[in-house]
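To start, the structure itself, in structure tokens.
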């Protein structure tokens, strides 16, 4: 059954929104090639600088943030923008 992988976080203080948006565009392409089962990915930011990544996968077991630690570009650059102490990840199965 399909599942949503939802991750919220803040950027490190020295990272501008524009820088992150440029790196995230590359990350968007990377996910569709390297994350099995991904059907959709979207990113948004609230008025307080909190970011959210919502990814839709084929199954719940494909969800997770393990890819944050991968060392290839653009994952390493994308992950370096994030204040990892602020990361909250949750996965939800569609009903």
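Numbering (the working numbering), first residue to last: 1197 to 1291.
Glycine included, each C-beta is placed from N, C-alpha and C at the ideal position.
As the structure is a prediction and not an experimental result, all values here were calculated from the model.
- Residue 1283 is positioned such that its CB atom lies closer than 7 Å to that of residue 1205.
- Residue 1235 carries a strand assignment under DSSP once its states are collapsed to helix, strand and coil.
- Around the Cβ of residue 1197, a 10 Å sphere holds fewer than 16 other Cβ atoms; the residue is exposed.
- The C-beta distance from residue 1274 to residue 1223 rounds to 4 Å, short enough to meet the 8 Å contact threshold.
- Per the C-alpha coordinates, the member of 1255, 1220, 1226, 1228 positioned closest to residue 1240 is 1220.
- For a cut-off of 8 Å, the C-beta gap from residue 1233 to residue 1253 is around 5 Å, short enough to register as a contact.
- Assigned with DSSP and collapsed to three states, residue 1230 falls in helix.
- In the three-state reduction of the DSSP assignment, residue 1215 falls in the helix class, which pools H, G and I.
- In the displayed model, residue 1221 falls within a helix according to three-state DSSP.
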